[in-house]
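Trainee: Taken in sequence, the protein lines are chains A and B.
Under the working numbering, the first sequence has 25 at position 25, and the numbering climbs by one with no breaks.
Take the position in the second sequence, starting the count at 1, then add 112; the result is the number in the working numbering.
From the three backbone atoms N, C-alpha and C, an ideal C-beta is built for every residue, glycine too.
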Amino acid sequence: AQSVTQPDIHITVSEGASLELRCNYSYGATPYLFWYVQSPGQGLQLLLKYFSGDTLVQGIKGFEAEFKRSQSSFNLRKPSVHWSDAAEYFCAFNTNAGKSTFGDGTTLTVKP
Amino acid sequence: DVKVTQSSRYLVKRTGEKVFLECVQDMDHENMFWYRQDPGLGLRLIYFSYDVKMKEKGDIPEGYSVSREKKERFSLILESASTNQTSMYLCASGGNEQYFGPGTRLTVT
C-alpha cells in the first residue's frame, strides 16, 4: 500500500540548533515528494518539492530536503532553527492525478 | 501568488443542520480537494474534483457531499451535521503540489 511515515510525532530543538525531520514513503516507483508546514490555526504552506534531478532541493525559509532512493526517504533539514519555525510539518507524495498522500505530521517545538 | 479562500474561519452549527463550506481558488486549477484534519489523525481526504461537475470520493466521504459548478469554486456540504463532524476543514487546489486555504474550524453542538 502507498503510505508516508513520519516516525517522529514531536521534536524539540533549541533555537539555533540544527534540525532534521524524517520522512519515509512506500511506493513502487519514485513519486513526487513534498514538505508542507502548518502554523497553528492555519492552512498548509508548501516548503519544497522534489520531482526529479538533483536530489538535494532547496525550499523557502532556509529549509532543504534530500531524496534518497535507496532508503525511500525524503528528510527535511535546516541548519539553524528560529523560534518562528515552531509548527507542524507534513511530508507528502503524489502519484496520480494530483491526489496526495500525507504523513501524520511532526510537531516542532523550539526552546529559547 | 496563488490564493485559496474559504468562506468562514470559524463556524458553529447545531446537530441536524445543513452546512455549506465554500472554497474559491484564483489560479485556474483543475483539481480541488476537501480534507478534514483531526488531532492524531492527520489530513484525511473527503472528496476531490478534477474538473467542473466531476468529483471523486476520497477516504472518508460518508456524511458529506460536494458541488463544483464553476472551476474556481468547490463546495463541501454536510447534509445533516453531527457532532462527530466537528473538525478543521481544509480546502486545497493544485496540480502536483497543493495550495491550501486557511481552514474552517467547524463546531457542531
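For Arg156(B), name the three-state secondary structure that DSSP assigns.
Mentor: Mapped onto the second sequence, residue 156(B) falls at position 44. DSSP places Arg156(B) in strand when its eight states are reduced to three.
Trainee: Along the region 32-62 of chain A, where does the CB come closer than 9 angstroms to a CB of chain B? Name the residues.
Mentor: Tyr32, Phe34, Tyr36, Gln38, Gly41, Gln42, Gly43, Leu44, Gln45, Leu46, Lys49 and Phe51
Trainee: Quick check on the burial criterion: 16 or more other C-beta atoms within 10 angstroms. Buried or exposed for Glu181(B)?
Mentor: Your numbering for residue 181(B) matches position 69 in the second sequence. Exposed.
Trainee: Can you tell me which of the three DSSP states Gly62(A) falls into?
Mentor: Counted from its first residue, the first sequence places residue 62(A) at position 62. For Gly62(A), the three-state secondary structure derived from DSSP is helix.
Trainee: Quick check on DSSP: helix, strand or coil for Asp163(B)?
Mentor: In the second sequence, counting from the first residue as 1, residue 163(B) sits at position 51. Residue state, collapsed to three classes: strand.
Trainee: Going by CA-CA distance only, name the one from Glu129(B), Ser187(B) and Gln210(B) that's closest to Tyr159(B).
Mentor: As a position in the second sequence, residue 159(B) is number 47, starting the count at 1. Closest option to Tyr159(B), Cα to Cα, is Ser187(B).
Trainee: State the Cα-Cα distance for the pair Glu142(B) and Thr117(B), rounded to the nearest angstrom.
Mentor: Position 30 of the second sequence, counted from the start, is the residue given in the question as residue 142(B). Position 5 of the second sequence, counted from the start, is the residue given in the question as residue 117(B). When rounded, the distance between both Cα atoms is 16 angstroms.
Trainee: Output yes if chain B places a C-beta closer than 8 angstroms to the C-beta of Lys99(A); else output no.
Mentor: Here residue 99(A) corresponds to residue number 99 of the first sequence, with the count starting at 1. The beta carbon of Lys99(A) falls within 8 angstroms of a beta carbon belonging to chain B, placing the residue at that interface.
Trainee: One question on the structure: do Tyr89(A) and Phe74(A) come within less than 8 angstroms of each other, judged by their Cβ atoms?
Mentor: In the first sequence, residue 89(A) corresponds to position 89, counting from 1. In the first sequence, residue 74(A) corresponds to position 74, counting from 1. Their beta carbons are not under 8 angstroms apart, which means Tyr89(A) does not touch Phe74(A) by this criterion.
Trainee: What's the C-alpha gap between Lys125(B) and Tyr201(B)?
Mentor: By 1-based counting over the second sequence, the position of residue 125(B) is 13. By 1-based counting over the second sequence, the position of residue 201(B) is 89. Approximately 14 angstroms, taken between the alpha carbons.
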